[in-house]
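For reference, the structure is listed below as structure tokens.
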Amino acid sequence: MRDVRSLLQTGLHRHDLMVGLIFIAFALFFLAQTLGVVGFVALFTEGLAAAMLDAALPVGTARRMGPGFFPLLLTGLLFGLGAILVVRGVRATPDGAVQPMPWRGMLFILGATLFFGATVRGLGLVPTTAIAVLVASYASQRMTLRLGLILSIVLTIFVLAVFHYGFGLPLRVTGPWLDFVFGPG
Amino acid sequence: MEDLLGNLGLGMSVALTAHNILFCFLGVLLGTLIGVLPGVGPVATIAMLLPITVGFSPATAMIMLAGIYYGAQYGGSTTAILMNMPGEPSSSVTAIDGYKMARKGRAGPALATAALGSFFAGTVATLVIAVFAPPLARYALKFGPPEYFSLMVLGLICAVALAHGSVIKALGMVILGLLFGLVGADLFSGMNRFTFGIRALSDGLSFAAVAVGIFGIAEILRNLENEREREAVITRITGLMPTKDDLKRIVAPILRGTFLGSLLGVLPGGGSILAAFGAYTLEKRISKRAHEFGQGAIEGVAAPEAANNAGAQTSFIPLLTLGVPANPVMAVMMGAMILQGIIPGPAVITRNPDLFWGVIASMWIGNAMLVILNLPLIGLWVRLLTIPYYVMFPAIIAFAAIGSYSIGSNEYDLYSLALFGALGYVLVRVGCEPAPFLLGFVLGPQMEEHLRRALIISRGDWSVFVTRPLSATLMVVAAVVLLVVFVPQIAKKRRTVFQEET
Numbered sequence: 006m007r008d009v010r011s012l013l014q015t016g017l018h019r020h021d022l023m024v025g026l027i028f029i030a031f032a033l034f035f036l037a038q039t040l041g042v043v044g045f046v047a048l049f050t051e052g053l054a055a056a057m058l059d060a061a062l063p064v065g066t067a068r069r070m071g072p073g074f075f076p077l078l079l080t081g082l083l084f085g086l087g088a089i090l091v092v093r094g095v096r097a098t099p100d101g102a103v104q105p106m107p108w109r110g111m112l113f114i115l116g117a118t119l120f121f122g123a124t125v126r127g128l129g130l131v132p133t134t135a136i137a138v139l140v141a142s143y144a145s146q147r148m149t150l151r152l153g154l155i156l157s158i159v160l161t162i163f164v165l166a167v168f169h170y171g172f173g174l175p176l177r178v179t180g181p182w183l184d185f186v187f188g189p190g
Numbered sequence: 002m003e004d005l006l007g008n009l010g011l012g013m014s015v016a017l018t019a020h021n022i023l024f025c026f027l028g029v030l031l032g033t034l035i036g037v038l039p040g041v042g043p044v045a046t047i048a049m050l051l052p053i054t055v056g057f058s059p060a061t062a063m064i065m066l067a068g069i070y071y072g073a074q075y076g077g078s079t080t081a082i083l084m085n086m087p088g089e090p091s092s093s094v095t096a097i098d099g100y101k102m103a104r105k106g107r108a109g110p111a112l113a114t115a116a117l118g119s120f121f122a123g124t125v126a127t128l129v130i131a132v133f134a135p136p137l138a139r140y141a142l143k144f145g146p147p148e149y150f151s152l153m154v155l156g157l158i159c160a161v162a163l164a165h166g167s168v169i170k171a172l173g174m175v176i177l178g179l180l181f182g183l184v185g186a187d188l189f190s191g192m193n194r195f196t197f198g199i200r201a202l203s204d205g206l207s208f209a210a211v212a213v214g215i216f217g218i219a220e221i222l223r224n225l226e227n228e229r230e231r232e233a234v235i236t237r238i239t240g241l242m243p244t245k246d247d248l249k250r251i252v253a254p255i256l257r258g259t260f261l262g263s264l265l266g267v268l269p270g271g272g273s274i275l276a277a278f279g280a281y282t283l284e285k286r287i288s289k290r291a292h293e294f295g296q297g298a299i300e301g302v303a304a305p306e307a308a309n310n311a312g313a314q315t316s317f318i319p320l321l322t323l324g325v326p327a328n329p330v331m332a333v334m335m336g337a338m339i340l341q342g343i344i345p346g347p348a349v350i351t352r353n354p355d356l357f358w359g360v361i362a363s364m365w366i367g368n369a370m371l372v373i374l375n376l377p378l379i380g381l382w383v384r385l386l387t388i389p390y391y392v393m394f395p396a397i398i399a400f401a402a403i404g405s406y407s408i409g410s411n412e413y414d415l416y417s418l419a420l421f422g423a424l425g426y427v428l429v430r431v432g433c434e435p436a437p438f439l440l441g442f443v444l445g446p447q448m449e450e451h452l453r454r455a456l457i458i459s460r461g462d463w464s465v466f467v468t469r470p471l472s473a474t475l476m477v478v479a480a481v482v483l484l485v486v487f488v489p490q491i492a493k494k495r496r497t498v499f500q501e502e503t
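If you're matching them up, the sequences are chains A and F in order. Residues 6 to 190 in my numbering are what the first sequence lists, from first letter to last. Residues 2 to 503 in my numbering are what the second sequence lists, from first letter to last.
Pasting the structure below:
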């Protein structure tokens, strides 16, 4: 973890290098998905022409493009731009002091979002919103339990009134996981 | 001319129904609110509210969402003038002289100038759309796949040229956006692409989740980097009305700002921001009182405010006539239209005239509402700024989560929200702009489709893009724009422009 952190901090000092690596990583990711394992290996051993024949998403020809054609074109461009940035980034001087990463904020905010996705169907709108808001509020260093609970309750009532009763969004108030408490429906 | 009146009449008849007036009002109210509050912008707000509008008629939905956009332009200037805190990027120019005026005890006239300038510009821009959009749409009906592909290339290149920071990074962001836009089933072959076998991803990534993640969640993470209290030093406002001398000074700048804004708004890539900056620079250059600029010159408030509002409105032209969004807000509006089953493009005017003219007419009504909302109620808006951020962001998270989920009742949309929030934050941290990404994302599937069709027509001959005159023109313009941003001298100038702006 420490290594990852220090690496990230270095990356934040050298924007071009970092962006270049991100672009290359995404280019390779989409390229691997387009070509599939066989095609991806073929790209490095036998070259592009062979890789295109083995691609998981058929590339086709310009006249009859397969689903792999446009992605292949784009990954090539993205890889090229990433490479330019890496070269530029290695040569450049560091961009100077940077703000630390907001680890706490990321943990609680992304955690709350993922929690909402994982439980909204099962627990329903009210319990999920209440818990997700409480979790999210802790992203701030100033949060206290009292304030968090107040926020959670007020927002849950607001959401229920506006989104469920007001606009009639198709969300169950409590979900099937809680049917043993509240009964189905 | 008669046509125009008839069309505007149709628009008024749509916009003036009680239902649409109500939602227009709700839209501008909400827009003012988010414009005043830093930390949440129109892109994320409109994307979050998409599920609510699904049940509306298309015209009502677009009227409300458009209201949020131009309402935010108004709200943004209020905080720019009173507290030197532009709620929206396009108001940052207004802050230069507006805040100085407020410090000199002339906050009232500055606010009134901003409101009057915006209202006038909004009125003119409404007419500009009404006059120029229909012929443009008729012309666009002649476009074939090669023209559309070239047009999208040009649009994306312009967005890159007008993005802050490095051109190469912005280009990369466009391509990354295009790639993520391709996730899902391929329209021609039906094959799933980049879905990892997850069935929920066959329909593609949720547009709202990606937009809210990259613009909303990422912004919250940025604000949490450095938590400090906003200092709400509220300037007392005494006397709203500008003096006779003020009025004389602002007439010409408002006219010029409106003209420039209407023109620049149509360009892809951040119309209203560019418009505001351009108008300010123009006034400074031609004014006899150039030395007053930066010290509280009323012209420095009037011109950019007129320009950004005009630009905000005319940026609807490319979306409604060509189906190509000019900026991220228009990209979200495009998402809203598609969600309503309307394909944005030249056919909208003829197929959905009530939608087209209704939205245009509502802009004028909305602008009138904004003047009423903003001037007398200004104290209320300013008081909102005392709400601490740690109370605000949990609410934004809740709305974002509920909004993203309820469009498709799909939990993967929440995972996309978190993923693109994190990705968006990291990319912004290392100097990438989110706007080109979102434009690429919405245009990805269409660009591929037009490319395929164009090459089917030409039997695989790539020269089709340069042998058809219109397509060739678009491609040449795109190439020139790209070359120009790489010319060292202009690149340097571009950097200073964006520095002054921020």
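Don't be surprised by glycine CBs; every beta carbon is placed ideally from N, CA and C. Keep in mind it's a predicted model, so treat the numbers as computed, not measured.
- Among the residues of chain F, none has a CB under 8 Å from the CB of T179 of chain A; the nearest is roughly 15 Å distant.
- If you ignore the 5 residues before and after P135 of chain F, its C-beta comes within less than 7 Å of the C-beta of I350, all in its own chain and listed in chain order.
- Separation of the CB atoms of L202 of chain F and V213 of chain F is rounded to 18 Å, and the pair is thereby denied contact status at 8 Å.
- Those residues of the segment 126-150 of chain A placed with their C-beta closer than 7 Å to a C-beta in chain F are R126, T134, A137, V138, A141, S142, A144, S145, Q146, R147 and M148, ordered along the chain.
- Within the model, the alpha-carbon separation for S93 of chain F versus A219 of chain F is close to 21 Å.
- CA-to-CA, the gap between I69 of chain F and A117 of chain A works out to about 27 Å.
- Looking only at F:S207, F:A103, F:L241 and F:G40, the smallest Cα-Cα distance to Q296 of chain F is reached by F:A103.
- At a cut-off of 9 Å between beta carbons, R69 of chain A contacts chain F.
- Ranked by Cα distance from D462 of chain F, the first of A:F168, A:I114, A:R68 and A:P63 is A:R68.
- Around the C-beta of G173 of chain A, fewer than 16 other C-beta atoms lie within 10 Å, and the residue is accordingly described as exposed.
- Along the segment 448-461 of chain F, the positions whose C-beta sits under 9 Å from a C-beta of chain A are M448, E449, L452, R453, L456, I457, S459, R460 and G461, read in chain order.
- For R200 of chain F, the closest Cβ of chain A is not nearer than 9 Å.
- Among the residues of chain F, none has a CB under 9 Å from the CB of V95 of chain A; the nearest is roughly 15 Å distant.
- N309 of chain F sits close to S273 of chain F, with the two beta carbons spaced by under 9 Å.
- Note that the segment 50-58 of chain F touches the segment 399-411 of chain F; at least 3 beta-carbon pairs, one per stretch, sit closer than 8 Å.
- Within the DSSP secondary-structure output, G359 of chain F pairs in no beta bridge.
- Chain A places a beta carbon closer than 9 Å to that of F189 of chain F, counting this residue as a contact.
- Counting along the chain, I344 of chain F sits inside no alpha helix (DSSP H), nor does DSSP assign it H or E at all.
- Residue pairing by DSSP places G65 of chain A opposite A:M70 in a beta bridge.
- CA-to-CA, the gap between M86 of chain F and A96 of chain F works out to about 7 Å.
- Annotation for E306 of chain F: S78, T95, A115, G118 and S119 place their beta carbon closer than 6 Å to its own, counting only its chain and skipping 5 residues before and after.
- Out of F:L31, F:S14, F:H20 and F:L9, the CA that lies nearest to the CA of L385 of chain F is found in F:L31.
- Checking the DSSP bridge columns, you'll see G12 of chain F has no partner listed.
- With contacts defined as CB atoms closer than 9 Å, I64 of chain F and N8 of chain F fail to qualify as a contacting pair.
- For V467 of chain F, no Cβ of chain A is located within less than 9 Å of the residue's own Cβ.
- Cβ neighbours of G129 of chain A within its own chain (closer than 7 Å, five residues either side excluded): R177, V178, T179, G180 and L183.
- At least one CB of chain A lies nearer than 9 Å to the CB of I398 of chain F.
- Among the residues facing chain F, V24 of chain A is included, as its CB has a counterpart in that chain under 9 Å away.
- Counting the other Cβ atoms within 10 Å of the Cβ of L48 of chain A gives 16 or more, which makes it buried.
- The DSSP-derived three-state label of G185 of chain F is strand.
- Beta-bridge annotation (DSSP): R194 of chain F is paired with F:G185.
- Nearest to W382 of chain F by C-alpha distance, out of F:L112, F:L356 and F:G12, is F:L112.
- In the displayed model, R257 of chain F falls within a helix according to three-state DSSP.
- Taking the beta carbon of T98 of chain A as reference, no residue of chain F falls within 9 Å; the closest one sits roughly 15 Å away.
- When 7 Å is used as the limit between beta carbons, T50 of chain A is near no residue of chain F, the shortest such separation being about 24 Å.
- Only those residues of the segment 82-94 of chain A whose C-beta falls short of 9 Å from the nearest C-beta of chain F are listed: L82, L83, L86, G87, I89, L90 and R93.
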